[in-house]
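K.L.:
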Amino acid sequence: MNSDILKHVMNVDLSHFLVVSAILFCLGLYGIVSRKNAVMVLMGIELVLNAANINFLAFTKYGGVTIAGQAVAIFVIILAACEAAVALAIVLNIFKMFNTVNVDEIDALRD
Amino acid sequence: MSLFDIVFYGFALLTVVSAFITVTTRNIMYASFALMFAFFGVAGIYVLLNADFLAVTQILVYVGGILVLLVFGVMLTNKMTKVDIKTSVMSTLPSSIIVAALLGTMLGLFWSTQWFNNGIQKQQIDTTAKTLGQLLLTDFLLPFEISSVVLLVAIVGAALIARKEKPAETTESQ
Chain A
0 MNSDILKHVM
10 NVDLSHFLVV
20 SAILFCLGLY
30 GIVSRKNAVM
40 VLMGIELVLN
50 AANINFLAFT
60 KYGGVTIAGQ
70 AVAIFVIILA
80 ACEAAVALAI
90 VLNIFKMFNT
100 VNVDEIDALR
110 D
Chain B
0 MSLFDIVFYG
10 FALLTVVSAF
20 ITVTTRNIMY
30 ASFALMFAFF
40 GVAGIYVLLN
50 ADFLAVTQIL
60 VYVGGILVLL
70 VFGVMLTNKM
80 TKVDIKTSVM
90 STLPSSIIVA
100 ALLGTMLGLF
110 WSTQWFNNGI
120 QKQQIDTTAK
130 TLGQLLLTDF
140 LLPFEISSVV
150 LLVAIVGAAL
160 IARKEKPAET
170 TESQ
């Protein structure tokens, strides 16, 4: 029984990649909800997107017969780049307006 | 334990430890550098998943683009004169409890499910770049074109949002 579990742990297959992606997702989520700095929140979002991409690629390798999942992962990366650019522009604007980027201090919708 | 398993555990450890440092350290610059190593680890995992093109794209776009953008954001939004590069956290305990519960649920699900246990032999693809290019111009043509428009709009929008609005203010005050 014990050596069975050990063999399952040693032989890397789909569930190993899924576990890594789950850990990465939860770490990113923790960064999103517990950080005050808006740039750190963006880093958490990037971690979550990476976790989703690992899932796409893992299911592409172990499940599918085509590599359509990799094409979807490309679009995830494209959207992540767009999101980072626009979000950082917004963060810079917030910093100009409020002189801080702490998300808990930004509570005014207008001047 | 084959070489594949050892390399996987190496990259997985690099990714998870770097991501953990990213979300727990107080220093934003340390977090940026840890995020870089996390991206490298994820790129290594992509290679193990037969996604060579995606791995190169990951390094080019994330490490070369998004991370530099984040570092720019860190430097532009911190007062460099008084060294205030540390950040604080909020509601650490409730969020860690909720995230730990979510993690436990996901790990239990992923580990206990019998994934594709029907003896399908995994194919080995030599390189994915050619196949991916053909996919992008056939099956994924519409998302491909839309993503180009999205990129253009994001570039123009980001430049428009982040620029200094000096001329507009002067005309408004008149």
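Chains as they are written, first to last, in numbering that gives the first Met the number 0: chain A, 0 to 110; chain B, 0 to 173.
Ideal Cβ positions, reconstructed from N, Cα and C, are used throughout, including at glycine.
Computed from a prediction, not measured in an experiment: that's the story for all the values here.
Taking only beta-carbon positions, decide if A/Ala37 is within less than 9 Å of chain B.
P.N.:
It does: the Cβ of A/Ala37 has a partner Cβ on chain B nearer than 9 Å.
K.L.:
Taking its Cβ as the centre, do 16 or more other Cβ atoms sit within 10 Å of B/Asn117, making it buried, or is it exposed?
P.N.:
At B/Asn117 the pLDDT is 46, less than 50, meaning the model places this residue with poor confidence; the figure from the coordinates comes in the next sentence. Flag for B/Asn117 reads exposed.
K.L.:
Can you tell me whether DSSP reads B/Val88 as helix, strand or coil?
P.N.:
Looking at B/Val88 - three-state DSSP - the assignment turns out to be strand.
K.L.:
Could you pull the start and end residues of the alpha helix (DSSP H) that B/Met0 belongs to?
P.N.:
Neither: B/Met0 is in no alpha helix (DSSP H) and is coded neither H nor E.
K.L.:
Which first and last residues belong to the alpha helix (DSSP H) in which A/Glu45 is found?
P.N.:
Per DSSP, A/Glu45 belongs to the alpha helix (DSSP H) from 37-61.
K.L.:
For a contact meaning CB atoms closer than 8 Å, what does A/Ser2 contact in chain B?
P.N.:
Correct list: empty, because the minimum Cβ distance to chain B is about 13 Å.
K.L.:
How about A/Val11 and B/Asp4: do their beta carbons lie closer than 9 Å?
P.N.:
Yes, they are a contact pair.
K.L.:
Going by the beta-carbon positions, is the gap between A/Phe56 and A/Phe16 smaller than 9 Å?
P.N.:
With the sequence shown as reference, residue 56 of chain A is identified as Leu, and Phe is not the correct amino acid for it. A contact, by the Cβ cut-off of 9 Å.
K.L.:
Quick one: what's got a C-beta closer than 7 Å to B/Phe36's C-beta in the same chain, skipping five residues either side?
P.N.:
Cβ within range, chain order: Leu13, Ser17.
K.L.:
What does B/Thr56 touch in chain A if you count any residue whose Cβ is under 8 Å from its own?
P.N.:
Neighbours of B/Thr56 on chain A, chain order: Ile73, Ile76.
K.L.:
Quick check on DSSP: helix, strand or coil for A/Asn1?
P.N.:
Looking at A/Asn1 - three-state DSSP - the assignment turns out to be helix.
K.L.:
Output, in chain order, the set of chain B residues within a Cβ distance shorter than 9 Å of A/Glu104.
P.N.:
Correct list: empty, because the minimum Cβ distance to chain B is about 11 Å.
K.L.:
For B/Ala99, which of A/Asn49, A/Leu5, A/Leu23 has the nearest alpha-carbon?
P.N.:
Taking only the C-alpha atoms, the option nearest B/Ala99 is A/Leu23.
K.L.:
Pull the bridge partners of A/Asn101 from the DSSP assignment, please.
P.N.:
According to DSSP, A/Asn101 bridges with A/Asn36.
K.L.:
Taking contact to mean at least 3 C-beta pairs separated by less than 8 Å, is the region 27-47 of chain A in contact with the region 60-73 of chain A?
P.N.:
The region 27-47 of chain A vs the region 60-73 of chain A: no contact.
K.L.:
Counting contacts by CB-CB distance shorter than 9 Å, is B/Leu131 in contact with chain A?
P.N.:
Yes, contact with chain A.
K.L.:
Does the ligand SAH have a heavy atom nearer than 8 Å to the CB of A/Ser33?
P.N.:
For the ligand SAH, the structure offers nothing, since it holds no ligand at all.
K.L.:
Would you please state the rounded distance, in angstroms, between the beta carbons of B/Tyr29 and B/Ile20? I believe it to be under 8 Å.
P.N.:
At roughly 7 Å, the Cβ-Cβ gap stays under 8 Å, so B/Tyr29 and B/Ile20 are in contact.
K.L.:
Roughly how many angstroms separate the alpha carbons of B/Phe10 and B/Lys163, rounded to a whole number?
P.N.:
So the alpha carbons of these two residues sit roughly 42 Å apart.
K.L.:
CB-CB under 6 Å to A/Gln69, same chain, minus the five flanking residues each way: which ones, in chain order?
P.N.:
Closer than 6 Å at Cβ, skipping near neighbours: Thr59.
K.L.:
From B/Leu159, B/Tyr45, B/Met105, pick the residue whose C-alpha is nearest to that of A/Leu26; which is it?
P.N.:
Ranking the options by Cα distance to A/Leu26, first place goes to B/Met105.
K.L.:
Count the other CB atoms, across all protein chains shown, that sit within 10 Å of the CB of B/Gln57; report buried if there are 16 or more and exposed otherwise.
P.N.:
That one is buried.
K.L.:
Would B/Gln173 be called buried (16 or more neighbouring beta carbons within 10 Å of its own) or exposed?
P.N.:
At B/Gln173 the pLDDT is 46, less than 50, meaning the model places this residue with poor confidence; the figure from the coordinates comes in the next sentence. Result: exposed.
K.L.:
Determine whether the Cβ of B/Asp125 lies closer than 9 Å to any Cβ atom of chain A.
P.N.:
Output row for B/Asp125: interface = no.
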